[in-house]
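The next block holds one structure in the form of structure tokens; read it before the comments.
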Amino acid sequence: MIKYKLICKSCELSFDSWFASSQEYDKLKKRNFLNCHNCNSNNVIKTLMAPKLMNKSSDKDYLKNLKTNTVGKKIKEYQKFIKDNFKFVGENFAQEARIIHYSDKKKAKGIYGTASKDEITELKEEGINAEIIPWTKDNRN
Ligand SMILES: [Zn+2]
Numbered sequence: 395m396i397k398y399k400l401i402c403k404s405c406e407l408s409f410d411s412w413f414a415s416s417q418e419y420d421k422l423k424k425r426n427f428l429n430c431h432n433c434n435s436n437n438v439i440k441t442l443m444a445p446k447l448m449n450k451s452s453d454k455d456y457l458k459n460l461k462t463n464t465v466g467k468k469i470k471e472y473q474k475f476i477k478d479n480f481k482f483v484g485e486n487f488a489q490e491a492r493i494i495h496y497s498d499k500k501k502a503k504g505i506y507g508t509a510s511k512d513e514i515t516e517l518k519e520e521g522i523n524a525e526i527i528p529w530t531k532d533n534r535n
């Protein structure tokens with residue numbers, strides 16, 4: 395998803411709009427599907443950021459922060475999904491993964507927990523899929 399600030403050239407209204415991608419914006423623009431919700435004009439354009447006006451180091455910091463925030467947020471979402479759908483088995487991950495692998499998989503709930511690199515390697519050798527995912531500790535609690 396990408397957010398653009400759009401401006402209506404007819405009535406000068408500016409508003410934010412979300413697009414799946416910059417390509418989607420271009421497509422909608424070409425087909426005249428973008429219109430101003432104030433005056434209904436098709437004369438709506440995307441305002442351009444002016445990166446040249448930013449000084450280089452702050453530009454870099456900005457991008458770095460943006461990246462960190464996005465990744466951090468993704469991990470948090472992922473963690474929430476896992477917590478909601480998987481069973482936490484802590485240090486017993488490798489053991490529990492084997493139990494699931496060698497029993498009826500359809501009944502088994504997914505699990506998550508901690509495992510050492512060696513354990514993961516062993517599981518892989520046995521044909522058990524385990525994904526290593528980044529995990530951030532929530533320090534707010
Ligand atoms: Zn307008």
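Here the sequence shown stands for residues 395 to 535, numbered as in my numbering. The beta-carbon is built from N, C-alpha and C at its ideal position, and this holds for glycine as well.
Item to check | Residues sharing a beta bridge with Gly484, DSSP | outcome: Sequence index remark: in the sequence shown, residue 484 carries index 90 (1-based). Gly484 is bridged to Gly507.
Item to check | Burial state of Ala509 (16 or more Cβ within 10 Å) | outcome: Reading the sequence shown from its first residue, position 115 is the one you call residue 509. Buried, because 16 or more other Cβ atoms sit within 10 Å of the Cβ of Ala509.
Next on the checklist: If you follow the alpha helix (DSSP H) that Ser416 is in, where does it begin and where does it stop?
Outcome noted: If you number the sequence shown from 1, residue 416 lands on position 22. Ser416 -> alpha helix (DSSP H) spans Ser416 to Lys424.
Checklist entry - Which term fits Tyr506, buried or exposed, when burial requires 16 or more other beta carbons within 10 angstroms of its beta carbon? => result As a position in the sequence shown, residue 506 is number 112, starting the count at 1. With 16 or more Cβ atoms within 10 Å of its Cβ, Tyr506 is classed as buried.
Checklist entry - Quick check: the region 395-402 against the region 412-421, are there 3 or more CB pairs under 8 Å? => result yes
Item to check | Reduced DSSP secondary structure (H/G/I, E/B, other) of Ile527 | outcome: In the sequence shown, residue 527 corresponds to position 133, counting from 1. Here Ile527 sits in coil by DSSP.
Item to check | Given Leu517 as reference, the closest of Glu490, Glu418 and Asp498 once Cα atoms are compared | outcome: Taking the sequence shown and counting its residues from 1, one reaches residue 517 at position 123. Selected option, being the one with the closest Cα: Glu490.
Item to check | Close beta carbons around Phe487, own chain, < 8 Å, minus the five adjacent residues each side | outcome: In the sequence shown, the residue the question calls residue 487 occupies position 93. Excluding sequence neighbours, Phe487 sits near Ile505, Tyr506, Gly507, Thr508, Ala509, Glu513 and Ala524.
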